Amino acid sequence: MSNSSSPLDTAVIRRDFPIFTRTVRDGKKLVYLDSGATSQKPESVISAEANFYRMHNAAVHRGAHQLAEEATEAYEGARESVAKFLRATVDEIIFTKSATESLNLLAYAFSSGDSLNRFQIKRGDRIVVTEMEHHANLIPWQQLAKRTGAELVWFEVTPEGRLDLSKISELINSDTRIVALTHQSNVLGTINPLEQIVARAHEVGAVVVLDACQSAPHKAIDVEKLGVDFLTFSGHKALGPTGIGVLWGRSELLEDLPPFLFGGSMIENVSMLDATWAPSPRRFEAGVPNMAQAVGLASALEYLTNVGLEKISAHELLLTEQLLAGLANIEEAKVFGPESTVDRGGTVSFTVGAIHPHDLGQYLDSQGIAVRTGHHCAWPLTRKFGITATTRASFYLYNDASEVDALLAGIAGAQEYFKDK
Amino acid sequence: MSNSSSPLDTAVIRRDFPIFTRTVRDGKKLVYLDSGATSQKPESVISAEANFYRMHNAAVHRGAHQLAEEATEAYEGARESVAKFLRATVDEIIFTKSATESLNLLAYAFSSGDSLNRFQIKRGDRIVVTEMEHHANLIPWQQLAKRTGAELVWFEVTPEGRLDLSKISELINSDTRIVALTHQSNVLGTINPLEQIVARAHEVGAVVVLDACQSAPHKAIDVEKLGVDFLTFSGHKALGPTGIGVLWGRSELLEDLPPFLFGGSMIENVSMLDATWAPSPRRFEAGVPNMAQAVGLASALEYLTNVGLEKISAHELLLTEQLLAGLANIEEAKVFGPESTVDRGGTVSFTVGAIHPHDLGQYLDSQGIAVRTGHHCAWPLTRKFGITATTRASFYLYNDASEVDALLAGIAGAQEYFKDK
Amino acid sequence: MELDSLYQQVILDHYKRPLHKGLSKNSGVQVHHINPSCGDEVTVKVSVNDGVVAEVTWDGVGCSISQASVSMMSDLVTGLGIKEANVILDEFTALMQSKGTSAGDPEILDDAVAFAGVSKYPARIKCALLGWMAFKDASVQAQAQ
Amino acid sequence: MELDSLYQQVILDHYKRPLHKGLSKNSGVQVHHINPSCGDEVTVKVSVNDGVVAEVTWDGVGCSISQASVSMMSDLVTGLGIKEANVILDEFTALMQSKGTSAGDPEILDDAVAFAGVSKYPARIKCALLGWMAFKDASVQAQAQ
Ligand SMILES: Cc1ncc(COP(=O)(O)O)c(C=O)c1O
Ligand SMILES: Cc1ncc(COP(=O)(O)O)c(C=O)c1O
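Chains as they are written, first to last, in the UniProt record's numbering: chain A, 1 to 421; chain B, 1 to 421; chain C, 1 to 145; chain D, 1 to 145.
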């Protein structure tokens, strides 16, 4: 079944992705439904990175020669592209190696300033997270709480996979300094209601840290409209290279944010015993940066922008609708997360009867279908649902309706396979 | 002048590097003498990285599908290659984004364990560095000292650019917990006498952290023979991609070393309030790693091994000898660092009369010659020599004697150019 | 079907009708092991008398491979001398690391040769080893007592 | 030669025979600016009387571009009203960011149009701006006094 109402021509898009020319498991078509873990890359991104190495490679900001100029232009140009993508200003864009590094950078910064630093967290302060956070947006805050004596509290998740906002005013109270949450759950697909949370956080003077790993690659982001204070995502989930992440922060906040990694290029002055820091974004980018990856990421964001993020979200929602409908027809299937497509992205977690997700995933793999199984690095969330694991399908612009059909057929096949034996 | 005694056929080697097909500054041949900042990349490395994206891209350690298996094999295979390169065991190899991250990882780890952790540094402890450290191996230790109240002391540098070991027993005393130093100076070219320093450090129970950024790409490393406890280098200076670094540590030390970045894949168990850690190397690799870059790095190390590191060092020393001899003939030229090739690598820093290094670099650039100018991220060292900057030429396997001649001719040209005016 | 090499009938049988499941009330050393990448857990309780594995019981949640493996393990090692049990453990570990090149020695492994197919699926090796590693851990502790 | 667009004669002249170099003993606001990427440093001392730049002196070490620029700057702004000085500063900054597309307005910049070539060398823009930024910093502080 092909969904004729999709705004995307996936057949054309797929031609841009070399990996779809290969097959898996003895000649089976690759049905890649694991973009929530990492996305595939278009040839243009791969070439952009390769071309940097081939023709412009040099250390940025450092050399007085033409290659260094070109490399700097490429790298700083990539920063401009990211700024445009997030509708931010260029000095607010920090390149990290991943969202994980970005979130750790922040969590460390909240305990490494001097006692007068506005970000310094202390005993009695409160950090608010949610029960649906990826480990990357949970453990750094746990550790910050441990280091400082601050209190870690969280929004619970309802059985439908939404944040329970009923106690928002008690949770985000006047002691609250940080509210860190995900824009879209990487397990449930839930898109969180930012407006209310941001309003409450700012009311009490807390900063809002948004994990946009699962949203920025799929929907148009406007940091001003979102109203959050920091935002991060990883390049590799957004058609970009591995080894690159983005941290965005409001410039007036970055101004006072203590540095995280220390070394070359992030300094203003250095003596044997002391050092002072360059302004943002330099202050947060110590060492020779991941230049080629930044260039690749810029190319990826350009690709996404050219296709159109509105179209991508709409396309993914159609696939999600199709999958949810299909799963609703499978008696043994249980979906974790919203069963409608309201405030929801293209990530669907489910279990099928007594078939362990790992076994289901393995069967699907034998049919060429790549999904992810396990706790998806959100272990407290799967535990909350009283399970050890789910099977997760996550969509991107290169998936189509026939692949949803293949997944549904694969599930039926697995039921058959494990029943018979 | 071509040096006929070199063990390398640079003409053949250069064909592997696409960047040498281009010209700079209106058709001038590119004479790239800035490998100390970052190296150029052979096509095989660029293709290895691209090919990972094209054919095997998936999140490692996470999926139950064929691509995830292939990606994991590629990534873990890269770890084996690095282990072989350093003559270490595979679980001792940690992939970071850069040497800068590696050194920060260590410096943070020394203050983030509980009070019983063997690495925990405290007031009264001593950290020893040297005056010739790159900022990446200085500022993290400054900050560690500040955080903990430990004392930071350093080996001074003699006028010849060697470490002054005369006070070694006082410097490395019984309070000393860490000795962090560079294997080879990125400014002076000096190769440091490890044996004596390691022996003394271990005598007092301190660990030795070796910054091998400027040595590992150029000479065969055997971590057992070196006797150090931790070692790091960056991929991009070793023909590899940007965005990847290596941290090696003795397994019995890594066992107790506290983690640095927190997030997915580095955990053993996670609840809302607490988490426990996976064993090394996983504990130090949070999140979806820089997989493609690890694969590219493995390809780079393979390239270096195939050419032969002994040959590469020997070749670079011939060029160094030629340059030192040439500079000795220029009355105004002053070399900073050893004037012989004993215990020395292929990095030569110098000044030429009153011509500011930046202006000299600019003139050389106009001739197609890429050098670096400034303090080379070792500001305290240049200050020690009473200068603000030097011009630095650094060699690699693709440079040849004619390029040294070009540099010498360029210097003469600059003297002419700035004198006339 | 290639998948059948992974899901041998005897494995699925153990999964559906596990042996020695349910932790014994007898004294013994109990350990809890987890597979952090998927969340599978197993608790293994081992009692050793005079160098002989007297009882192995377990509980756990997980995939067919992990649960069948711990079930088969518990049945295989019960009643053996610790040394013999370790011989099986080593043989099983070697089989898992064989990347599909070994069929396993049925003299030593008995029914556990059915896991030979697992070694072709690197992501599943940890599943198959989970219970064995727990047994190793527990039996070492039990001997130390 | 392309390089000549960078190293105009007037720039090299200022480099060799700098004006207003040596910090004045008169009262004024003194600031120290550094170019962290190359280590060049400049100290600029500014006194402002009744909205007029009364005196600008400086000291420093650095490349020809940075030293010539601060020399020329000090000569250009001395005696001007702060507003006029800022017009020059803005024009000079715009010229530096022009990527070689502007020749600069000689009515405003006078000899400083010689720096137009610098804008084609991104790594050198900071050199040319070092002294100007120091002046800006110092004059703002001086006015606030
Ligand atoms: C001696 C030395 N240490 C550390 C570094 C830092 O390496 P990176 O910038 O790749 O992290 C460099 C290079 O810049 C170096 O030369
Ligand atoms: C919601 C969410 N946050 C954070 C991360 C961490 O991203 P990375 O592993 O690229 O650092 C992920 C992906 O793994 C994610 O899905």
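Beta carbons are placed, not taken as given, at the ideal position from N, Cα and C, and that holds for glycine. Please read all numbers here as calculations on a predicted model, not as lab measurements.
Presumed contact (8 Å Cβ cut-off) between A278(A) and H358(B), rounded CB distance: Not really, about 19 Å apart at Cβ, beyond 8 Å.
C-beta atoms of M132(B) and S166(B) nearer than 7 Å: Inclusion of M132(B) and S166(B) in the CB contact set at 7 Å is not warranted, their separation being larger than that value.
Range of the contiguous beta strand (DSSP E) that encloses I34(C): Annotation for I34(C): the continuous beta strand (DSSP E) segment containing it runs V29 to I34.
7 Å Cβ shell around V153(B) - same chain, five flanking residues per side excluded: Cβ within range, chain order: R126, V128 and L171.
At least three beta-carbon pairs within less than 8 Å, the segment 31-47 of chain A to the segment 27-43 of chain B: Too few Cβ pairs lie closer than 8 Å, so no.
Status (buried if at least 16 other CB within 10 Å, exposed otherwise) for L76(D): The residue is buried, with at least 16 neighbouring Cβ atoms inside 10 Å.
Coarse secondary structure for F230(A), derived from DSSP in three states: Residue state for F230(A) is assigned as strand, using DSSP reduced to three classes.
Test: T341(B) CB closer than 7 Å to a CB of chain D: It does not; no Cβ of chain D falls within 7 Å.
Under 7 Å between C-beta atoms of I355(A) and W248(A): Cβ atoms of I355(A) and W248(A): not closer than 7 Å.
Per-residue DSSP class, three states only, for K29(A): If DSSP states are grouped into helix, strand and coil, K29(A) belongs with the strands.
Beta-carbon proximity of R22(A) to M55(B), cut-off 7 Å: Yes. Within cutoff.
Selection from I221(A), T351(A) and K97(A) that minimises the alpha carbon distance to G386(A): For G386(A), the closest of I221(A), T351(A) and K97(A) by C-alpha to C-alpha distance is T351(A).
Top-ranked residue by Cα proximity to Q141(D), from C38(D), I82(D), S71(D) and D40(D): Among C38(D), I82(D), S71(D) and D40(D), the Cα nearest to that of Q141(D) is on I82(D).
Beta-bridge partners of G63(A), as assigned by DSSP: R372(B), per the DSSP bridge assignment.
Beta carbon of R372(B) nearer than 7 Å to that of Q66(A): Cβ atoms of R372(B) and Q66(A): not closer than 7 Å.
beta-carbon V288(A) near ligand 1 non-hydrogen atom, thresh 6 Å: Checking every heavy atom of ligand 1 against the Cβ of V288(A), one is found closer than 6 Å.
Alpha-carbon to alpha-carbon, E91(C) and C63(C): So the two alpha carbons sit approximately 22 Å from each other.
Delimiting residues of the beta strand (DSSP E) encompassing T390(A): For T390(A), the enclosing beta strand (DSSP E) starts and ends at T390 to S394.
Touch test, the segment 201-216 of chain A against the segment 225-244 of chain A, Cβ-Cβ under 8 Å, three pairs minimum: Between the segment 201-216 of chain A and the segment 225-244 of chain A, the count of C-beta pairs closer than 8 Å reaches three or more; the two stretches touch.
Proximity below 7 Å, CB of P281(B) to CB of S112(B): Not a contact, by the Cβ cut-off of 7 Å.
Under 9 Å from the C-beta of H56(B): neighbouring residues of chain C: Neighbours of H56(B) on chain C: none; closest Cβ ~13 Å, over 9 Å.
For T347(A), three-class secondary structure by DSSP: Looking at T347(A) - three-state DSSP - the assignment turns out to be strand.
Any alpha helix (DSSP H) of 4 or more consecutive residues that is wholly inside the segment 79-155 of chain A: Complete alpha helix (DSSP H) runs here, min 4: 99-109 and 139-148.
Nearest candidate by alpha-carbon position, reference F20(B), set L239(B), Y398(B), V295(B) and E76(B): The candidate whose alpha carbon is nearest that of F20(B) is Y398(B).
One or two residues paired with F336(B) in a DSSP bridge: Bridge partners of F336(B): S349(B).
Any 3 or more C-beta pairs closer than 8 Å across the segment 297-304 of chain A and the segment 235-245 of chain A: In short, these stretches touch, since the Cβ pair count reaches three.
Outcome for K45(D) when other beta-carbon atoms lying within 10 angstroms are tallied against a minimum of 16: When all chains shown are included, K45(D) counts as buried.
Per DSSP, the bridge partner or partners of K21(C): Looking at the DSSP assignment, K21(C) forms a beta bridge with W58(C).
Where the alpha helix (DSSP H) containing R124(C) begins and where it ends: From DSSP, the alpha helix (DSSP H) with R124(C) extends over P122 to A144.
Burial state of Q142(B), where buried means 16 or more other Cβ atoms lie within 10 Å: Buried, because 16 or more other Cβ atoms sit within 10 Å of the Cβ of Q142(B).
C-beta contact flag for V70(C) and G28(C) at 7 Å: Judged by beta-carbon spacing, G28(C) lies beyond the 7 Å limit of V70(C), meaning their Cβ atoms are not closer than that value.
A216(B) versus G326(A) - alpha carbon distance: Rounded to whole angstroms, the gap between the alpha carbons of A216(B) and G326(A) is 56 Å.
Own chain residues within Cβ distance below 7 Å of G240(A), not counting five before or after: Cβ neighbours of G240(A) beyond the five flanking positions: V45, G296, L297 and A300.
Residue-level contact to chain B via CB, V61(D), 7 Å cutoff: True, the Cβ-Cβ gap to chain B drops below 7 Å.
Range of the contiguous beta strand (DSSP E) that encloses G245(A): Element bounds for G245(A): G245 to G249.
Below-7 Å beta-carbon distance, E69(A) vs any chain D residue: By this cut-off, E69(A) is an interface position.
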